[in-house]
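Numbering (my numbering), first residue to last: 9 to 333. Glycine is no exception: its CB is placed at the ideal position from the N, C-alpha and C atoms.
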């Protein structure tokens with residue numbers, strides 16, 4: 009095991025050195041690495057909720073649209089209430105969470121009550137949420153009339169005085185949100201009864217039901233968690249850009265699924281990790297960043313991302329076949 013870890017680290021070091029050389033030293037700069045961390049934040053947060061859903065052998069295609077819907081709703085709300093400062097931030101987040109969690113609940117009801125495929129129900133929610141976001145925003149971003157309450161959350165840095173002498177601008181505040189959520193939900197998944205139920209349902213739903221687990225309740229909660237994570241990502245993006253846009257989350261659902269799959273969570277359910285999803289998001293973020301530095305066209309980047317997802321799924325299937333023999 010130790011030799012495998014050392015080998016993987018050595019290979020990573022070689023790849024990083026080659027990429028940095030090809031990018032003429034632009035890859036390993038403090039500013040670029042900080043930017044990578046900021047960019048993966050939203051995908052990693054979406055991936056947290058997606059991990060819970062996929063472990064139960066489900067999937068959530070609506071998270072990208074929920075980023076847009078919650079962002080538009082939160083921006084509209086913030087522009088029409090008399091609150092200011094941290095109170096405005098907190099209440100706006102609660103409104104976004106209410107919308108995101110309710111959408112997650114709506115996703116879950118047909119799945120647990122009518123036994124409909126999650127792919128269909130969340131695809132329907134994706135279309136409805138995106139359409140509603142465009143309708144509420146009249147097709148245009150809803151700009152915050154007073155963004156001061158959100159500036160620190162979206163664009164602020166922590167520990168800047170300590171890190172600036174080292175060339176780093178600081179730790180972006182959204183990265184702290186990501187770290188906290190990864191830690192909290194990693195504990196929930198691995199150290200609580202609810203987490204054990206999630207794995208049990210993904211491993212064998214009928215056996216979990218016979219063991220007395222309330223399958224409907226657990227599956228509903230995982231979709232609610234996914235919707236809530238989309239709302240948090242929506243808040244951070246709204247705070248960063250100073251507006252809630254009905255275009256913000258296009259493609260985010262596929263990016264989040266890619267992070268989960270690359271992190272090693274099985275699409276068949278029963279196995280996965282929030283921490284591994286974070287590293288999956290980091291790997292995809294680094295890959296996208298490298299391709300941008302090398303001036304690779306966006307459509308070629310899509311081909312590469314699709315290939316990475318396919319390889320991850322094939323490796324997972326081969327691993328399962330090996331374990332069965």
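| said: Give me the DSSP bridge partner(s) of residue 150. | reply: Beta-bridge pairing links residue 150 to 252.
| said: Check this for me: beta carbons of residue 133 and residue 103, under 7 Å apart or not? | reply: With a cutoff of 7 Å on beta-carbon distance, residue 133 and residue 103 are scored as not near each other.
| query | Is residue 13 helix, strand or coil when you go by DSSP? | reply | Low confidence applies here, because residue 13 scores a pLDDT of 47, under 50, leaving its location unreliable; read the following figure in that light. Residue 13: helix per DSSP, three-state reduction.
| field | Burial state of residue 244, where buried means 16 or more other Cβ atoms lie within 10 Å | value | By the neighbour-count rule (16 or more Cβ atoms within 10 Å), residue 244 is buried.
| task | Mind listing, in chain order, the continuous alpha helix (DSSP H) runs of no fewer than 4 residues lying wholly within the region 264-306? | result | Listed in chain order, they are 282-301.
| query | Count the other CB atoms within 10 Å of the CB of residue 169; is the residue buried (16 or more) or exposed (fewer)? | reply | That one is exposed.
| said: Please report the distance separating the alpha-carbon of residue 138 from that of residue 174. | reply: Roughly 43 Å separates the two Cα atoms.
| Is it true that the CB of residue 254 sits closer than 7 Å to the CB of residue 80? | A Cβ-Cβ contact shorter than 7 Å links residue 80 with residue 254.
| task | Count the other CB atoms, across all protein chains shown, that sit within 10 Å of the CB of residue 234; report buried if there are 16 or more and exposed otherwise. | result | Residue 234 should be labelled buried.
| With a CB to CB cut of under 7 Å and the five nearest residues on each side skipped, what residues in its chain are close to residue 56? | These residues qualify, in order along the chain: 189, 190, 193, 237, 282 and 285.
| Would residue 39 be called buried (16 or more neighbouring beta carbons within 10 Å of its own) or exposed? | It counts as exposed.
| Among 72, 22, 208 and 63, the one whose alpha carbon lies nearest that of residue 268 | Residue 63 holds the alpha-carbon nearest to the alpha-carbon of residue 268 among 72, 22, 208 and 63.
| query | Alpha carbon to alpha carbon, what distance is there between residue 45 and residue 167? | reply | Distance between the alpha carbons of residue 167 and residue 45 is about 15 Å.
| request: Thinking residue 8 and residue 179 are a contact (beta carbons under 8 Å), I'd like their distance in whole angstroms, please. | output: Residue 8 is absent from the model: the chain starts at 9 and stops at 333.
| task | Please work out which residues of its chain come closer than 6 Å, Cβ to Cβ, to residue 21, disregarding the five sequence neighbours upstream and downstream, and give them in chain order. | result | The answer is none, since no qualifying residue turns up.
| task | Would you mind sorting residue 1 into buried or exposed? The rule is 16 or more other CB atoms within 10 Å of its CB. | result | Because the chain here runs from 9 to 333, residue 1 falls outside it and cannot be looked at.
| residue 261 versus 66, 54, 176 and 229, residue with shortest Cα-Cα distance | Out of 66, 54, 176 and 229, the CA that lies nearest to the CA of residue 261 is found in 54.
| request: Would you list, in sequence order, the uninterrupted alpha helix (DSSP H) runs of no fewer than 4 residues that lie entirely inside the region 62-116? | output: For the region 62-116, whole alpha helix (DSSP H) runs of length 4 or above, ordered along the chain, are 71-86.
| query | Taking three-plus beta-carbon pairs below 8 Å as touching, is the region 30-39 in contact with the region 292-301? | reply | These segments touch.
| Helix or strand or just coil, what does DSSP make of residue 218? | In this structure, residue 218 counts as helix in the three-state DSSP scheme.
| field | Whether residue 49 touches residue 246 by CB criterion (7 Å) | value | The answer is no: Cβ separation not under 7 Å.
| message | On the criterion of 16 or more Cβ atoms from any shown chain inside 10 Å, does residue 88 qualify as buried, or is it exposed? | response | Its Cβ having fewer than 16 others within 10 Å, residue 88 is exposed.
| said: Helix, strand or coil, according to DSSP, for residue 124 in the structure here? | reply: The answer is coil: DSSP assigns residue 124 none of H, G, I, E or B.
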